[in-house]
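Under my numbering, the first residue of the sequence shown is numbered 7, with each subsequent residue one higher.
Even for Gly, the Cβ is constructed at its ideal location relative to N, Cα and C.
Encoded as structure tokens, the structure appears first; notes follow it.
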Amino acid sequence: AHIEHYSVKSGKSVNYADALETYQELKYLRDIYSQVAPKNAKFTLNLEKFFFKYLDELCLMSARKMLPVVQEAIQHDSFEPLDLNNGSGYSSSVLDIFKMINETFTMFKSYGWQNEVHLAEIYTKLLKAASDALVYYSARMMNMIIGDLSEEQLNAPSAATKEQNRKSGAWI
Numbered sequence: 007a008h009i010e011h012y013s014v015k016s017g018k019s020v021n022y023a024d025a026l027e028t029y030q031e032l033k034y035l036r037d038i039y040s041q042v043a044p045k046n047a048k049f050t051l052n053l054e055k056f057f058f059k060y061l062d063e064l065c066l067m068s069a070r071k072m073l074p075v076v077q078e079a080i081q082h083d084s085f086e087p088l089d090l091n092n093g094s095g096y097s098s099s100v101l102d103i104f105k106m107i108n109e110t111f112t113m114f115k116s117y118g119w120q121n122e123v124h125l126a127e128i129y130t131k132l133l134k135a136a137s138d139a140l141v142y143y144s145a146r147m148m149n150m151i152i153g154d155l156s157e158e159q160l161n162a163p164s165a166a167t168k169e170q171n172r173k174s175g176a177w178i
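Okay, structure coming up:
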């Protein structure tokens, strides 16, 4: 509370990374306290309630970055399989996107947040952002495939042309 009061007074906001680092240190102290305190002693500071706004800020920032990461992955993809011999028949953008999603969820799990309602809210926001990013990726890939198929149809000889070539002996 003192830090927030000072930040409001000075006009500077508390950095979410610093706040969440402080949360982890205080959580560690809470764990030690629960090990050494008498059985009925209660740790009176609700860390999750106080620090949730910083976790939520990190969540919103992470969610906003998902779509640009997908766009950049598409832009830099050669659309060639990574390694067909080892079962990696997908392109680099697929790997980049799912790696980013996995790393995001792993980061939030690493905080060891103790409030299940807060976690549900955070994971819901992250899942929505990941879902939106994957829908965008799927739509872009579908449009690319449809475009490729349309070009093939335009460039492919018609059935009449094939029949004409067969009759003229051009097929030999």
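{"Query": "Which whole-angstrom value describes the C-beta separation of residue 103 and residue 143, a residue pair presumed to lie in contact below a C-beta threshold of 8 Å?", "Result": "6 Å"}
{"Query": "Would residue 65 pass as a contact of residue 128 if the rule is Cβ separation under 8 Å?", "Result": "yes"}
{"Query": "Using CA atoms only, rank isn't needed, just tell me which of 136, 74, 114 is closest to residue 58.", "Result": "114"}
{"Query": "Please work out which residues of its chain come closer than 6 Å, Cβ to Cβ, to residue 151, disregarding the five sequence neighbours upstream and downstream, and give them in chain order.", "Result": "none"}
{"Query": "Just to check my reading of the structure: residue 131 and residue 47 have Cβ atoms closer than 8 Å, yes? What is that Cβ distance to the nearest angstrom?", "Result": "With 8 Å as the limit, residue 131 and residue 47 do not qualify as a contact, their Cβ atoms being about 35 Å apart."}
{"Query": "Near residue 23, what residues of its chain come up, given a Cβ to Cβ distance below 8 Å and the 5 sequence neighbours on each side ignored?", "Result": "64"}
{"Query": "One question on the structure: do residue 139 and residue 76 come within less than 8 Å of each other, judged by their Cβ atoms?", "Result": "yes"}
{"Query": "In angstroms, rounded to a whole number, what distance separates the CA positions of residue 50 and residue 97?", "Result": "51 Å"}
{"Query": "Using the three-state DSSP reduction, which class does residue 89 fall into: helix, strand or coil?", "Result": "strand"}
{"Query": "Here's the rule I'm using: 16 or more other beta-carbon atoms within 10 Å means buried, otherwise exposed. How should residue 136 be labelled?", "Result": "buried"}
{"Query": "For residue 123, tell me which candidate among 62, 33, 27 has the shortest Cα-Cα distance.", "Result": "62"}
{"Query": "Label residue 29 either buried or exposed according to how many other C-beta atoms from any shown protein chain fall within 10 Å of its C-beta, with 16 as the threshold for buried.", "Result": "buried"}
{"Query": "How is residue 25 classed by DSSP in three states: helix, strand or coil?", "Result": "helix"}
{"Query": "Quick check on DSSP: helix, strand or coil for residue 83?", "Result": "coil"}
{"Query": "With DSSP collapsed to three states, give me the class of residue 117.", "Result": "coil"}
{"Query": "On the three-state DSSP scale, how would you describe residue 151?", "Result": "helix"}
{"Query": "By a C-beta neighbour count over all protein chains shown, 10 Å radius and 16 as the cutoff for buried, is residue 112 buried or exposed?", "Result": "exposed"}
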